[in-house]
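Asks: Residue numbers for the sequence shown follow the UniProt record's numbering, so the first one is 1 and each next one is one higher.
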Amino acid sequence: MKEDEIHKFLQKLSKSIEKVNSSLKPILSKYRKENYYQCCPLQPIKRSPVTTAYRNKCEFTVGRHLYTKEKTVGFRLNSYKEGSMSVAEPDDCINISESMLKAVKSFQAYIRESDKDVYNPENHAGYWRQLTVRTSNNADVLIIIVMHPQSLSE
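1) With DSSP run on the structure shown, which of helix, strand or coil describes residue 103?
2) Restricting to runs no shorter than 4 residues, where is the alpha helix (DSSP H) found entirely within the stretch 29-108?
3) What are the boundary residues of the alpha helix (DSSP H) that residue 11 is part of?
4) So, for residue 86: in the same chain, excluding its five sequence neighbours on each side, which residues have a beta-carbon less than 8 Å away from its beta-carbon?
5) Excluding five sequence neighbours on each side, which residues of the same chain lie with their C-beta closer than 6 Å to the C-beta of residue 112?
6) Spell out a yes or no on whether the stretch 113-132 and the stretch 142-149 are touching, meaning 3 or more CB-CB pairs, one atom from each, closer than 8 Å.
7) Under the criterion of a Cβ to heavy atom distance below 7 Å, does residue 1 qualify as lining the ligand ATP?
8) Restricting to Cα atoms, I'd like to know which of 103, 84 and 2 is closest to residue 42.
9) Expressed to the nearest angstrom, what Euclidean distance is found between the alpha-carbon atoms of residue 138 and residue 98?
10) Measure how close the beta-carbons of residue 141 and residue 104 come, nearest whole angstrom, since I'm counting them as under 8 Å.
11) For a quick check, are the C-beta atoms of residue 68 and residue 130 less than 8 Å apart?
12) To which residues of the same chain is residue 48 closer than 6 Å at the C-beta, ignoring the five residues directly before and after it?
13) Kindly indicate the opening and closing residues of the beta strand (DSSP E) around residue 131.
14) Hey, could you find the ends of the beta strand (DSSP E) residue 118 is sitting in?
15) Span of the beta strand (DSSP E) holding residue 142?
16) Residue 106 to residue 82, Cα distance in whole Å?
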């Protein structure tokens, strides 16, 4: 599927390059004949041997749990446009590492104790909006917290 899309892109790219720089037409014509109408060869896509805990950056929404209505850090269950603001915890997501889950759980525990509410995009009330977590292979963790400032003091 992805490979087909890339083949089509390379075919279009070849034509686009030719339009911008007509002097490349002879070279591109040669490459297209050799590479299935593409401007360059495409090697087969190689699957990663890593199939779990491979995400090194995730952006988590801060909102309310669908059932408990507790302050929750995770993924939105549906789009705001479709009328949903509920968030589910990422516990069962196999692509997220333990260190990332630990950061999410720690922040979630913190905001649940906080007197500040989660941000509500409907009425623009609340403060906690988003948590971005980036991890590395050597156990480093970077956390970025996004708040809606409203009338917070320094």
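Built from N, CA and C at the ideal position, the CB exists for glycine as well.
Replies: The relevant details are as follows:
1) DSSP, read as helix, strand or coil, puts residue 103 in helix.
2) The stretch 29-108 contains no whole alpha helix (DSSP H) run of 4 or more residues.
3) Counting along the chain, the alpha helix (DSSP H) containing residue 11 begins and ends at 2-20.
4) For residue 86, where only same-chain residues beyond five positions count, the Cβ hits under 8 Å are 63, 64, 65, 66, 76, 77 and 78.
5) 71, listed in sequence order.
6) Enough Cβ pairs lie closer than 8 Å, so yes.
7) The model depicted lacks the ligand ATP and carries no ligand whatsoever.
8) Minimum Cα-Cα distance from residue 42 among the listed residues 103, 84 and 2 corresponds to 2.
9) Their backbone Cα atoms lie some 13 Å apart in a straight line.
10) Not a contact, Cβ separation roughly 11 Å.
11) No; because the gap between Cβ atoms is not below 8 Å, this pair is not in contact.
12) Taken in chain order, the list of residues that qualify is empty.
13) Per DSSP, residue 131 is one residue of the beta strand (DSSP E) stretching across 128-135.
14) Note, residue 118: premise wrong, no beta strand (DSSP E); not H, not E.
15) The continuous beta strand (DSSP E) containing residue 142 extends over residues 141-147.
16) The C-alpha of residue 106 lies about 30 Å from the C-alpha of residue 82.
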